[in-house]
Every structure is written in structure tokens, then in C-alpha cells.
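Below: the structure, in C-alpha cells.
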């Protein structure tokens with residue numbers, strides 16, 4: 012079991028005991044903030060495991076720098092589509108749960124180094 016950085020649940024949260032801890036069993040959206048030490052694990056091992064959760068509709072990976080958000084979304088056909096957004100003027104649309112987030116809000120208080 013993983014402990015994501017942020018989880019959204021549509022409906023009543025359901026838990027089960029595992030390894031001495033209560034674990035959420037019905038996440039709708041999972042957000043992970045990527046770091047150099049976790050990005051490979053988040054993109055590979057966690058992605059594979061999260062895709063097996065029937066309730067999960069979106070898995071969102073947020074890079075710290077540069078601005079980049081990757082989204083894995085479950086389709087009605089129970090397949091996964093992937094897209095990414097990287098411009099601060101773009102919007103992240105998690106349509107399966109009715110959530111829309113602008114990248115400018117996600118990165119609102121982040122100062123990026125000059126790339127010039």
C-alpha cells in the first residue's frame with residue numbers, strides 16, 4: 012500500500028485494516044508530487060499498482076520543476092489514456108470527477124529559475 016500526497020474520494024470513504032493501519036480502498040483520484048528520488052517509482056511501480064484499483068479514475072503526477080502535470084485517466088472502456096500539460100496557461104481537466112485545475116493555481120507560489 013502507498014500513501015499518496017493527496018487523494019480524492021467520490022462518495023463515502025471505505026477503509027480496511029492492513030499492516031496495522033487503516034487503508035483507503037476506494038480512491039477516485041490520486042495525486043503524487045514528483046521528486047528526483049521518487050519519480051521513477053511513481054511513474055512505474057505506483058502507476059501499475061494504482062491502475063488495479065477499480066474505483067480509481069485519475070492518477071496525477073505533478074513535477075516540482077519545470078511545470079509539468081501528467082494525467083492517467085480511466086476511460087469508459089476501462090482503458091487508460093495519458094496526457095500531460097506544461098504551460099501555466101493550460102488547464103487540467105479531470106472530467107470523470109468534475110475537477111478542473113489551472114496550472115497557474117497549482118504552481119501559484121512557486122518561483123521557477125530563469126531558463127534564459
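Residue numbers (this note's numbering): 12 to 127.
Cβ coordinates follow ideal geometry from the N, Cα and C atoms, glycine included.
Problem - With 16 other Cβ atoms within 10 Å as the buried cut-off, status of residue 94 - result: exposed
Practice task
Give the secondary structure of residue 115 by DSSP, where H, G and I count as helix, E and B as strand, and everything else as coil.
Solution key: helix
Problem - Every unbroken beta strand (DSSP E) within the stretch 56 to 127, with a cutoff of 3 residues, ordered by chain - result: 69 to 73, 80 to 85, 91 to 96, 102 to 105, 110 to 113
Problem - Which listed residue (35, 28, 79, 13) has its alpha carbon closest to that of residue 20 - result: 35
Problem - Beta carbon proximity, residue 23 to chain B, threshold 7 Å - result: Absence of chain B from the displayed structure is noted, only one protein chain being present.
Problem - Spatially closest choice to residue 16 from 32, 22, 41, by CA coordinates - result: 41
Handout entry: Nearest neighbour of residue 48, chosen from 74, 65, 66 [CA to CA]
Key = 74
Handout entry: Neighbourhood of residue 83 by C-beta distance below 6 Å, restricted to the same chain and skipping five residues each side
Key = 70, 91, 93
Handout entry: Identity of the residue in 105, 50, 120 nearest residue 67 by Cα
Key = 105
Handout entry: Residue nearest to residue 125 in terms of C-alpha spacing, selected from 46, 109, 76
Key = 76
Handout entry: Selection from 37, 89, 62, 116 that minimises the alpha carbon distance to residue 23
Key = 37
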